[in-house]
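Trainee: Structure incoming, see below.
Protein chains: 2
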Amino acid sequence: MTPQMTALRWLDPPDGPAIVLLDQTRLPVEESYLTCTDIPQLVDAIGRLVVRGAPMLGVAGAFGVGLAAARGDDVEAAATAIAAARPTAVNLSWGVRRALAAWRAAAGGTGLVPARNEGAKAALAEARAIAEQDAAASAAMALHGLELVPPGARILTHCNTGGLVSAGAGTAFAVILAAYQAGRLERLWVDETRPLLQGARLTAWEARRAGIPHSVLADGAAGSLLAAGEVDLVLTGADRIAADGSVANKVGTYGLAVLARHHNVPFVVVAPVSTVDFATPDGRSITVEYRPASEVANLAGHPVAPAGTEAYNPAFDVTPAELITALVTEEGLIHPVTPGNLRVLDAATCR
Amino acid sequence: MTPQMTALRWLDPPDGPAIVLLDQTRLPVEESYLTCTDIPQLVDAIGRLVVRGAPMLGVAGAFGVGLAAARGDDVEAAATAIAAARPTAVNLSWGVRRALAAWRAAAGGTGLVPARNEGAKAALAEARAIAEQDAAASAAMALHGLELVPPGARILTHCNTGGLVSAGAGTAFAVILAAYQAGRLERLWVDETRPLLQGARLTAWEARRAGIPHSVLADGAAGSLLAAGEVDLVLTGADRIAADGSVANKVGTYGLAVLARHHNVPFVVVAPVSTVDFATPDGRSITVEYRPASEVANLAGHPVAPAGTEAYNPAFDVTPAELITALVTEEGLIHPVTPGNLRVLDAATCR
Numbered sequence: 000m001t002p003q004m005t006a007l008r009w010l011d012p013p014d015g016p017a018i019v020l021l022d023q024t025r026l027p028v029e030e031s032y033l034t035c036t037d038i039p040q041l042v043d044a045i046g047r048l049v050v051r052g053a054p055m056l057g058v059a060g061a062f063g064v065g066l067a068a069a070r071g072d073d074v075e076a077a078a079t080a081i082a083a084a085r086p087t088a089v090n091l092s093w094g095v096r097r098a099l100a101a102w103r104a105a106a107g108g109t110g111l112v113p114a115r116n117e118g119a120k121a122a123l124a125e126a127r128a129i130a131e132q133d134a135a136a137s138a139a140m141a142l143h144g145l146e147l148v149p150p151g152a153r154i155l156t157h158c159n160t161g162g163l164v165s166a167g168a169g170t171a172f173a174v175i176l177a178a179y180q181a182g183r184l185e186r187l188w189v190d191e192t193r194p195l196l197q198g199a200r201l202t203a204w205e206a207r208r209a210g211i212p213h214s215v216l217a218d219g220a221a222g223s224l225l226a227a228g229e230v231d232l233v234l235t236g237a238d239r240i241a242a243d244g245s246v247a248n249k250v251g252t253y254g255l256a257v258l259a260r261h262h263n264v265p266f267v268v269v270a271p272v273s274t275v276d277f278a279t280p281d282g283r284s285i286t287v288e289y290r291p292a293s294e295v296a297n298l299a300g301h302p303v304a305p306a307g308t309e310a311y312n313p314a315f316d317v318t319p320a321e322l323i324t325a326l327v328t329e330e331g332l333i334h335p336v337t338p339g340n341l342r343v344l345d346a347a348t349c350r
Numbered sequence: 000m001t002p003q004m005t006a007l008r009w010l011d012p013p014d015g016p017a018i019v020l021l022d023q024t025r026l027p028v029e030e031s032y033l034t035c036t037d038i039p040q041l042v043d044a045i046g047r048l049v050v051r052g053a054p055m056l057g058v059a060g061a062f063g064v065g066l067a068a069a070r071g072d073d074v075e076a077a078a079t080a081i082a083a084a085r086p087t088a089v090n091l092s093w094g095v096r097r098a099l100a101a102w103r104a105a106a107g108g109t110g111l112v113p114a115r116n117e118g119a120k121a122a123l124a125e126a127r128a129i130a131e132q133d134a135a136a137s138a139a140m141a142l143h144g145l146e147l148v149p150p151g152a153r154i155l156t157h158c159n160t161g162g163l164v165s166a167g168a169g170t171a172f173a174v175i176l177a178a179y180q181a182g183r184l185e186r187l188w189v190d191e192t193r194p195l196l197q198g199a200r201l202t203a204w205e206a207r208r209a210g211i212p213h214s215v216l217a218d219g220a221a222g223s224l225l226a227a228g229e230v231d232l233v234l235t236g237a238d239r240i241a242a243d244g245s246v247a248n249k250v251g252t253y254g255l256a257v258l259a260r261h262h263n264v265p266f267v268v269v270a271p272v273s274t275v276d277f278a279t280p281d282g283r284s285i286t287v288e289y290r291p292a293s294e295v296a297n298l299a300g301h302p303v304a305p306a307g308t309e310a311y312n313p314a315f316d317v318t319p320a321e322l323i324t325a326l327v328t329e330e331g332l333i334h335p336v337t338p339g340n341l342r343v344l345d346a347a348t349c350r
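Have a look at this one:
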């Protein structure tokens, strides 16, 4: 069973297959869908962030290979083009590689191009498997994370970690949703998450859709919220976790972690095991991407600083393990976050 | 000598007097000026934040009384209308009251309405005196604050504290400008200061105008900047200081103070003695103004969150004295910030 996804659907009508994407660039103003019937359309959509978020890009990349195969395109060339749509998105090329391997295997290891039907079936089955695994990981993270949510919890979150970026309920947002469904969530506080406003634009949209009581705040207002005793738990996702437990996540996460510690509020990171990168020994080894000044100098396309203003605009920051109360993975809780406790994950998942 | 002001000029051409305001609502996109030749125009401009900031509103209110007197208006009625343009702005009504008292006194204490020329002269002289005192206080704060700036300093600031809100160089920005002129400033880091973006819109404009090397950052990026060792000093202004040294300032200030402490970076507040409110015993007694959700959910009419989204939007936050390394006033440095050290100011200024 392919999970019901928010961000992406596979359609196979008589007139030819298609990938239908919820256009995230138009949220929250408009809920519109973009139908990709060929690979150039999909590559363009991925490049423009119509679909985004680490796990979801893996799913989209794999379905893209399936689309190319079903159309009878040159699948190897299509796979290369899709993976190049966002070259730094590790999950995208990983999803593409998995579906491509399934497609190749459909020729029975002969090294020949598989028959169109067989190849497409194999690639699509792999895409569905990726989505199922992601949804299952979300469900497991939600279950484990729920243990950390007290009754009547007021949870503060940062960036966007829900169904828009996952085939399931996501990471931090999956725990939030489970807490709401268990009657334990009093309020969700949503950092707007400048510069790209993923909190205000996307997490608020997800919370509203789920019926979760929520309020958005400017990132700088989190301190006063914590000082007022209005936060019981901070929950975020992670973009990459180093072997020493340092967490790279959307810029602003580190400041929240420092504030949470100052106020003795638990700061919990929710991320699948695949986020832990044992090849990166520590926080200092994580390369932070610096993004264009225009993201800060503009807000929703409107200039907010003098033309030509320079900006310091890191996409991520790094939170050291000692500020992280616990890490929630699909394999269970890691607490405290230490290199030794993380290595258990490495062994458990045999990657 | 009336100081040369950025935000406001008094004009007295043959065809009648006028107050010319730099329209701060159009910054940074456009440097345009609004000429107010009567009181309704000025009241409207103050209400729309064409002119803003505590000390500058005192100056504008006093010049407004001078304008009414020079026009031969009902000065008492004009004074009431100006003060009501922003009822919670304490400095506005204070400036109006000072100029009105000077106008009344021009009738020689007879209780009569003063002669038009004499009344206008007296009110304008008082307005100029307010501006001079403010400029002198700025200069003194700059001098005292400079003692805290090391050579090659990289200073992080929040909100807008320069010549747009002062008849002089402002508060924190006056120290920054002095440091730049003394060759001690390597870089100014400017928090964009959501939701109203006073940093990106106004402080970046002031820095550019002064030739100061600067970069804007999303408020959430300050943590990573401090963690990278790129900040030697954090300088902010204050909206109100309680008798225990708690500082109410633009939302986001408290989070910066916690981060600065975490990284052992000095966190210094620059504010005139008039900001210290001895009638407010402590931080908890400071009433924080909560502003509309629309400020967070919109920018220039463009929605950045789903329609109807609730927001937590305090205008200010409160930083306890123990997180403040020093307070710079026109009377000198206060360090450490303790009730006893603050009381010395109270005695010194005989308010």
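Just so you know, the sequences run in chain order H and G.
Numbered by numbering that gives the first Met the number 0, the letters in the first sequence go through residues 0 to 350 in order.
Numbered by numbering that gives the first Met the number 0, the letters in the second sequence go through residues 0 to 350 in order.
C-beta atoms are modelled at their ideal positions from N, C-alpha and C, and glycine is treated no differently.
Bear in mind that the values here come from a model prediction, so they are computed numbers and not experimental data.
1) Closer than 7 Å between beta carbons: that is the criterion. Which residues of the segment 290-309 of chain G meet it against chain H?
2) Of all the alpha helix (DSSP H) runs that stay within the bounds of the segment 136-213 of chain H, which reach a length of 4 or more residues?
3) Run down chain G in chain order and give the residues with a C-beta less than 8 Å from the C-beta of residue 193 (chain H).
4) If you draw a straight line from the C-alpha of residue 153 (chain G) to the C-alpha of residue 233 (chain G), how long is it?
5) What residue does the alpha helix (DSSP H) around residue 289 (chain H) start on, and which one ends it?
6) What are the boundary residues of the beta strand (DSSP E) that residue 312 (chain H) is part of?
7) Can you confirm whether residue 196 (chain G), when its beta carbon is compared against all beta carbons of chain H, has any partner nearer than 8 Å?
8) In this structure, how does DSSP classify residue 345 (chain H) when only helix, strand and coil are distinguished?
9) If we ignore side chains and look at the alpha-carbon of each, how far apart do residue 54 (chain G) and residue 164 (chain G) end up?
10) Can you round the beta-carbon distance between residue 105 (chain G) and residue 94 (chain G) to whole angstroms, since I take them to be within the 8 Å contact cut?
11) At a Cβ threshold of 8 Å, is residue 312 (chain H) touching chain G?
12) Where does residue 350 (chain H) sit, in a helix, a strand or coil, going by DSSP?
13) Within 8 Å of any Cβ in chain G, is that where the Cβ of residue 284 (chain H) sits?
14) Could you run through the segment 219-249 of chain G and flag, in chain order, every residue whose CB is less than 7 Å away from some CB of chain H?
15) Could you tell me which of G:271, G:139, G:302, G:83 sits nearest to residue 345 (chain G), measuring between CA atoms?
16) Between the alpha carbons of residue 311 (chain G) and residue 216 (chain H), how many angstroms are there, rounded?
17) Taking residue 128 (chain G) as the reference, give the member of G:177, G:174, G:57 with the closest Cα.
18) Taking all protein chains shown into account, do 16 or more other C-beta atoms lie within 10 angstroms of the C-beta of residue 231 (chain H), making it buried, or fewer, making it exposed?
19) If you pair each beta-carbon of the segment 34-52 of chain G with each one of the segment 12-26 of chain G, do three or more pairs fall below 8 Å?
20) Quick one: Cα of residue 138 (chain H) to Cα of residue 220 (chain G), how far?
21) Applying a beta-carbon distance threshold of less than 7 Å, which residues of chain G neighbour residue 214 (chain H)?
22) Does the Cβ of residue 43 (chain H) have 16 or more other Cβ atoms within 10 Å, making it buried, or fewer, making it exposed?
23) Run through chain G and tell me which residues come within less than 7 Å of residue 203 (chain H), C-beta to C-beta.
24) Do residue 84 (chain H) and residue 45 (chain H) have their C-beta atoms closer together than 8 Å?
25) Residues of the segment 25-38 of chain H with a CB closer than 9 Å to any CB of chain G: list them in chain order, please.
26) Residue 268 (chain H): which of H:144, H:121, H:19, H:133 sits nearest, CA to CA?
27) Could you give the DSSP three-state label for residue 96 (chain H): helix, strand or coil?
28) Could you tell me whether any Cβ in chain H is nearer than 8 Å to the Cβ of residue 316 (chain G)?
29) How far does the beta strand (DSSP E) with residue 239 (chain H) in it reach, from first residue to last?
30) Short of 7 Å Cβ to Cβ, which residues in the segment 251-264 of chain G face chain H?
31) Look at residue 257 (chain G) and residue 261 (chain H) and say whether their C-beta atoms are less than 8 Å apart.
32) By a C-beta neighbour count over all protein chains shown, 10 Å radius and 16 as the cutoff for buried, is residue 335 (chain H) buried or exposed?
33) For residue 31 (chain G), count neighbouring C-beta atoms within 10 Å of its own C-beta (all shown protein chains included) and say buried if the count is 16 or more, exposed if not.
34) So what's residue 263 (chain G) in DSSP terms, helix, strand or just coil?
35) Touching or not, the segment 204-213 of chain H and the segment 237-247 of chain H, by the rule of three or more beta carbon pairs under 8 Å?
Mentor: Reading from the atomic positions:
1) 295, 296, 298, 299, 301, 302, 303, 304, 305, 308, 309
2) 171-180, 203-209
3) 191, 193, 217, 218, 219
4) 9 Å
5) Note, residue 289 (chain H): premise wrong, no alpha helix (DSSP H); not H, not E.
6) Taken as a continuous stretch (DSSP letters only), residue 312 (chain H) belongs to no beta strand (DSSP E), as it is neither H nor E.
7) yes
8) helix
9) 6 Å
10) With 8 Å as the limit, residue 105 (chain G) and residue 94 (chain G) do not qualify as a contact, their Cβ atoms being about 17 Å apart.
11) yes
12) Residue confidence for residue 350 (chain H) is low, a pLDDT of 42 falling below 50, so the modelled location carries little weight and cannot support an answer.
13) no
14) 219, 220, 221, 222, 223, 224, 226
15) G:271
16) 5 Å
17) G:57
18) buried
19) yes
20) 32 Å
21) 309, 310, 311
22) exposed
23) 304, 305, 308
24) yes
25) 26, 27, 28
26) H:144
27) helix
28) yes
29) 239-241
30) 251, 253, 254, 257, 258, 261
31) yes
32) exposed
33) exposed
34) coil
35) no
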